[in-house]
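Below is one structure, written out as C-alpha cells; comments come after it.
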Amino acid sequence: MHEVALMRALVVRVLELAQGQQAVHVERVVVRMGALGHGRPSHLQWHFSQAAAATLADGAVLDVVMTDELVDLVLESIDLELPPSPVHEVRAQQR
Amino acid sequence: MTEPAARPDSVSCGPYQRPRIIGIGNSDRGDDGVGIWVANRIASADWPGVAVVSLDSADGTALLSAWQGADVAYVVDAVHAELPAGSVVRMVVSPGQRIGATLRSLSSHGLGLQEAIDLGGALGMLPRRLVVYGVVGESFETGRGLSAPVARSGGNVMRRLRGALDRSTRVA
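Chains as they are written, first to last, in this note's numbering: chain F, 32 to 126; chain H, 8 to 179.
Here it is, written out as C-alpha cells:
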C-alpha cells in the first residue's frame, strides 16, 4: 500500500508541474530512491503507470535511480511536451 | 534548397541539407552550457546523416545562419522554468509562436532563442520543422561545469534526439 500511495502522490506532483507549464504530455519522470526507500523499481513503475493512467502522464516512463542518500523517494526531473500553440498565446490573440 | 550565405565557424560536420542539431549557450556558465555539451558529444560520436552546430557564447543571430537552408533543425538550449533542474521541455516551433510564458531562454546576449525565432519567421528564415529541447538549469556561475542533474539530462536529450532522427529516417 505504501508504494501505491507514494506513486499517487508522485503523479499528483508531476501533474501540478506539468500543468504549470501548460504541457500536453509528460514523457518521462526521474526519481531517486535512497536508503530509506522501499520497494523494487519494477513495482514502483507498475504502480506509477496505474496512477498515471488517463492523465497527462499516461504512458510516461518512470526512471528510478538508486542512491545511497538518506532519502525515501525524491523527484529529480520530468520531461514535458509543450503544446505547439500555448494556451496563454491563444487567449491573448482572442482579446 | 538554398545554401546559407555564411556558415558558422563551429559547424562540425555534414552537408547543410541534413537534419541539423544546434547547441546554443555558454560553456563557461555552468548549466548554460548544456546545449554546447550535447552538440559536442554528438559531433564527437560522429552521428551519421546529421550536421552539428555548436554556438558557444554566440549571439542569437548566429542561429539564423545555423539553421538556414535546413529542412529540419533541433535546438538544444538551457532554460529557466518552474521545474526541477534537469527537466526537459520539448516544443515544436512555428513562426510567430512564443516558446512559453514560464519558459525563458537563458541567453545572456542581446538576441536570444525566442528573438531568433521571431526574426527568422519575419524573414522567412525558419526551417520547415524546428524542434526546441529546453533543459532546465540550476547553476549558472561563471567557471562552473554542468550540475549533476543537468549532466544526466544531457544524455537523456541525446537519446531523445537519436530517437527523433531514427523516426524521421523511417518516415522518409
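Don't be surprised by glycine CBs; every beta carbon is placed ideally from N, CA and C.
### methionine 64(F): first and last residue of the uninterrupted beta strand (DSSP E) it sits in
56 to 64
### Message
With the cut-off set at 8 Å, would you say alanine 49(F) and leucine 87(F) are in Cβ contact?
### Response
yes
### Message
I need the straight-line Cα distance from arginine 44(F) to glutamine 24(H), nearest angstrom please.
### Response
For arginine 44(F) and glutamine 24(H), the distance between alpha carbons rounds to 42 Å.
### Query
What are the boundary residues of the alpha helix (DSSP H) that includes arginine 27(H)?
Arginine 27(H) -> not in any alpha helix (DSSP H); beta strand (DSSP E) instead, spanning 27 to 32.
#### Entry: Neighbouring residues, chain F, relative to arginine 97(H) (Cβ below 8 Å)
Glu58, Asp110, Leu111, Glu112, Leu113
#### Entry: Beta-carbon proximity list for proline 43(H), same chain, < 6 Å, skipping 5 on both sides
Note that residue 43(H) is isoleucine in the sequence shown, not proline. Answer for isoleucine 43(H): Gly30, Gly32, Ser34, Ser61, Asp63, listed in chain order.
### Query
What is the C-beta distance between serine 146(H) and glycine 93(H), in whole angstroms, given that I count them as a contact (C-beta under 8 Å)?
Actually they do not touch by this definition, with Cβ atoms about 11 Å apart.
#### Entry: Counterpart residues of arginine 97(H) in DSSP-defined beta bridges
Glu112(F), Tyr140(H)
### Message
What would DSSP say about valine 105(F), mapped onto helix, strand or coil?
### Response
strand
### Query
Of all the options Glu34(F), Val57(F), Leu46(F), which has the alpha carbon lying nearest to the alpha carbon of valine 96(H)?
Val57(F)
### Query
Is there a Cβ from chain F that is less than 8 Å from the Cβ of glutamate 122(H)?
No, glutamate 122(H) lies away from the interface with chain F (no Cβ there is under 8 Å from its Cβ).
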